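J.: Numbering (the numbering used here), first residue to last: 911 to 1170.
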């Protein structure tokens, strides 16, 4: 009888151990996955997120990677057109977008933003030999913009007489200006100036700014998103205080965009 009971006890213990394994394993995997933060970027937006020697780099990429590393997280990157990146936050494919994302009312109503890490003025670049000197000179003329960019609304609010033509990517918008299909290209002043210098473009940035954009990291408005937003806000504030943000900004823009 005792042997039977011993055998039965061993079987029960074995079943319990197997059950515990299958119950706990997914939880452990989920906890492990939480040590990785997934960011989205276009990978074609110099100097915010672009590929160099097949490696994703850029100002916003460095800010996100540095903050994540200091927090003990690994980072994973997903690239897509800018217009589709926010949908990837919604469906849980990514945790955030690090690609010169400006805080707007529409976005802040839906997403949780970290503290600001860069201040970028909306401006327009034109061909250097053109007659355009300031934003008002572009009234009645076409200006290229990337779909989903907050710079579109900023320019519309500044002057409704400026005609905006949208493109899926920044490279397409640049090509439109180079080929003469449009008279200008709207983006932030730091990005336009860095691009002109890097690519040796025969462009100039006209005088005047439509708006000063506050750049930050957006997270989904749920428990996990709130946790990440709180952690990254705290770390970005530390990076501002110890000079890390300024150092990264000067590396890509040539000057400090992290102060208003």
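Glycine included, every Cβ here is placed at the ideal spot set by N, Cα and C.
Since this is a predicted model, take the numbers as computed values, not measurements.
(1) What are the uninterrupted segments assigned as beta strand (DSSP E) that are 3 or more residues long and contained completely in the segment 955-996, given in chain order?
(2) Which residues in the same chain have their Cβ closer than 6 Å to the Cβ of residue 1121, if we skip the five residues on either side of it in sequence?
(3) With a threshold of 8 Å on Cβ separation, who are the neighbours of residue 946 within its own chain once the five nearest residues in sequence on each side are excluded?
(4) For residue 1083, does the three-state DSSP call read helix, strand or coil?
(5) Would you tell me roughly how many angstroms separate the C-alpha atoms of residue 1145 and residue 981, rounded to the nearest one?
(6) If the criterion is Cβ atoms closer than 8 Å, does the pair residue 957 and residue 1165 meet it?
(7) Using DSSP bridges, identify the partner residues of residue 1196.
(8) For residue 1089, which three-state DSSP category applies?
(9) Going by the beta-carbon positions, is the gap between residue 1106 and residue 1054 smaller than 8 Å?
(10) Residue ranges of each alpha helix (DSSP H) run of no fewer than 4 residues wholly in the segment 1129-1164, ordered along the chain?
(11) Quick check on residue 1170: buried or exposed, where buried means 16 or more other Cβ atoms within 10 Å of its Cβ?
(12) First and last residue of the beta strand (DSSP E) that includes residue 1097?
(13) Skipping 5 residues on each side, what residues in its chain have a beta carbon closer than 7 Å to that of residue 1049?
(14) Are the Cβ atoms of residue 1167 and residue 1030 separated by less than 8 Å?
(15) With H, G and I counted as helix, E and B as strand and the rest as coil, what does DSSP make of residue 1166?
(16) Please classify residue 1027: does DSSP put it in a helix, a strand, or coil?
(17) If distances are taken between C-alpha atoms only, which option among 1096, 1024 and 1028 comes closest to residue 1058?
(18) In whole angstroms, what is the alpha-carbon distance linking residue 1156 and residue 1027?
T.: To lay it out plainly:
(1) 959-962, 965-967 and 984-989
(2) 1032 and 1064
(3) 983, 984, 985 and 986
(4) helix
(5) 7 Å
(6) no
(7) An answer regarding residue 1196 cannot be provided, because it is not within the stretch 911 to 1170 covered by the chain.
(8) helix
(9) no
(10) 1133-1151 and 1154-1163
(11) exposed
(12) 1094-1098
(13) 1069, 1071 and 1072
(14) yes
(15) coil
(16) coil
(17) 1096
(18) 9 Å
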